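I have placed the structure first, in the form of structure tokens, so that the comments after it can refer back to it.
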Amino acid sequence: MSAFRVALITGGASGMGLAVAEGLLARKGWHVYLLDRNAKAFENLDPEVKAATNFRNVHVADYDSLAAVFKDIYISKGRINFVFANAGIGGALDFYETKDGIDPPPKPDTSAIDVNLNGVCYTTYLAAHYFKLQKLEDASVVITASDAALYPTVFAPLYTAAKHGLIGFLRAISPVMITHKIRVNVICPGVVPTPILPPELLKIWPEEIRTPVSTVVNAVLALVDGRDMTDAVGTKVSADKLYGQTVELSVDKMYFRSQPDYCDEACKRAAAAVNSFTGATSL
């Protein structure tokens with residue numbers, strides 16, 4: 206077994222990303238890279254955490270910059286074992302704003318999609334590339350979605366769209382990724398008190414219905430370990446099936462959320478036909 210493993214965490218300088226980084230560091234044997242566009246957040250970290258981690262200033266929606274960081278880390282360490290595709294933003298909340306006059310309104314702010322969906326796709330794509338180069342026996346990507354991936358967040362429709370998209374992305378790629386021994390899973394936390402939520406917004410949720418960051422850390426580390434897991438209602442997922450899973454997190458509980466059933470046999474057969482298509486050369 207290798208003497209150390211390497212983790213890349215986007216959005217790693219604060220919130221859930223930082224908490225997972227600290228969880229990995231507590232286990233020893235991990236070299237942890239925090240990828241974040243907020244250099245000030247990293248500079249303000251506890252000196253011990255700063256000394257134990259490596260920081261890369263990067264915006265996940267900028268593919269070329271993100272790719273350069275992945276390459277640099279791979280050349281430096283010779284390996285990448287785990288990627289936590291966690292970077293996210295709330296985005297603009299003015300989608301419903303009424304504009305006067307006959308002229309079309311300006312283009313909406315789509316940064317929530319750029320970061321929360323495109324950025325995760327870029328991160329996962331790059332992770333898969335470097336995992337394949339190593340021919341690892343077990344590589345892992347955990348994607349941070351949100352409960353907004355399962356339910357509508359009316360005041361943030363583009364955020365909701367991006368987070369819903371992550372589950373579709375997961376379910377599309379996971380059957381292919383596992384053939385390369387890459388396990389991809391998604392977590393859907395409820396309201397976690399992190400810097401993404403401004404205080405005036407956070408206060409609308411009573412403390413007893415918030416999800417502590419420790420729930421997120423426990424779930425992510427379990428997914429990294431790839432061990433048998435059982436959720437709050439007794440649903441068991443064995444280690445060999447721990448890929449393509451959507452894991453909802455609420456307060457201190459975890460729930461596996463299955464793909465919806467097909468509406469009828471014709472729909473099921475149509476989906477099977479599509480998923481048997483092998484024309485994509487990269488498969």
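Quick note: to get the working numbering, add 205 to the position in the sequence shown (first position is 1). Positions of the beta carbon are idealized from the N, C-alpha and C atoms, including for glycine. From a predicted model like this one, the values you see are computed outputs, not experimental measurements.
Among the options, the one whose alpha carbon lies nearest that of residue i
i, options, result
"Ile280", "Val211, Val418, Phe360 and Pro465", "Val211"
"Phe209", "Phe287, Asp267 and Val274", "Phe287"
"Gly464", "Ser419, Arg376 and Val396", "It should be noted that the sequence gives Gln, not Gly, for residue 464. When only C-alpha atoms are compared, the closest one is Arg376."
"Lys446", "Asp433, Val452, Ile307 and Asp457", "Asp433"
"Leu338", "Val396, His385, Glu248 and Phe260", "His385"
"Gly373", "Leu322, Pro417 and Lys282", "Leu322"
"Trp235", "Asp430, Ala317 and Val325", "Asp430"
"Trp410", "Val389, Val396, Ile401 and Pro403", "Val396"
"Thr365", "Gly295, Glu253, Asn249 and Pro400", "Gly295"
"Ile392", "Ala444, Ala353 and Glu248", "Ala353"
"Thr215", "Gly324, Thr358 and Gln450", "Gly324"
"Glu413", "Leu371, Asp457 and Ser443", "Asp457"
"Asp299", "Pro252, Phe482, Phe360 and Ala476", "Phe360"
"Val422", "Val442, Pro394, Ser443 and Cys468", "Pro394"
"Glu453", "Leu229, Asp308, Ser481 and Thr420", "Thr420"
Rounded C-alpha distance that separates residue i from residue j
i, j, result
"His334", "Tyr327", "11 Å"
"Ala266", "Ala427", "28 Å"
"Val438", "Met459", "9 Å"
"Pro380", "Arg261", "31 Å"
"Lys340", "Thr329", "16 Å"
"Leu407", "His369", "22 Å"
"Arg284", "Ile278", "8 Å"
"Lys255", "Glu248", "8 Å"
"Asn259", "Glu405", "32 Å"
"Thr315", "Lys276", "28 Å"
"Thr303", "Ser351", "28 Å"
"Lys473", "Leu371", "22 Å"
"Pro309", "Tyr301", "14 Å"
"Ser270", "Ala471", "44 Å"
"Asn480", "Ile307", "45 Å"
"Asp343", "Asp469", "36 Å"
"Val425", "Lys441", "16 Å"
"Lys233", "Lys282", "16 Å"
"Gly228", "Asp305", "51 Å"
DSSP three-state assignment for residue i, whether helix, strand or coil
i, result
"Asp241", "strand"
"Leu250", "coil"
"Pro394", "strand"
"Phe287", "strand"
"Gly220", "helix"
"Tyr279", "helix"
"Glu302", "coil"
"Val381", "helix"
"Arg376", "helix"
"Asn480", "helix"
"Ile307", "coil"
"Leu447", "coil"
"Thr258", "strand"
"Arg474", "helix"
"Ile348", "strand"
"Leu488", "Since pLDDT at Leu488 reaches only 48, below the 50 mark, its modelled position is unreliable, and no value is offered."
"Glu405", "helix"
"Glu453", "strand"
"Ala212", "strand"
"Thr414", "Sequence inspection shows Ile at residue 414; the Thr mentioned does not correspond to that position. If DSSP states are grouped into helix, strand and coil, Ile414 belongs with the helices."
"Arg462", "strand"
"Lys441", "strand"
"Arg232", "helix"
"Ser358", "Correcting the residue identity first, residue 358 is Thr in this sequence and not Ser. Looking at Thr358 - three-state DSSP - the assignment turns out to be coil, as it is neither helix nor strand."
Sub-8 Å separation of residue i and residue j beta-carbons
i, j, result
"Asn291", "Met382", "no"
"Gly217", "Ala231", "no"
"Phe461", "Ile387", "no"
"Ile318", "Leu363", "yes"
"Leu240", "Leu213", "yes"
"Val418", "Ala297", "no"
"Gly399", "Ser455", "Contrary to the premise, residue 399 reads as Thr rather than Gly in this sequence. No, the pair does not count as a contact, with Cβ atoms beyond the cut-off."
"Ile378", "Val389", "yes"
"Leu331", "Ala257", "no"
"Ala489", "Ser219", "Residue 489 lies beyond the residue range present for the chain, which begins at 206 and ends at 488; the question has no answer from this structure."
"Val263", "Arg242", "yes"
"Tyr467", "Ala476", "yes"
The ligand COA heavy atom lying under 7 Å from the CB of residue i
i, result
"Asp305", "With respect to small molecules bound, the structure shown includes none, and the ligand COA cannot be examined in it."
Interface flag, residue i vs chain C, CB-CB below 8 Å
i, result
"Tyr448", "Absent here is chain C; the protein component of the structure consists of one chain."
Quiz item: Counting pairs of Cβ atoms below 8 Å between the region 289-307 and the region 336-348, do you hit three or more?
Solution: Segment contact: the region 289-307 against the region 336-348, three or more CB-CB distances shorter than 8 Å; contact assigned.
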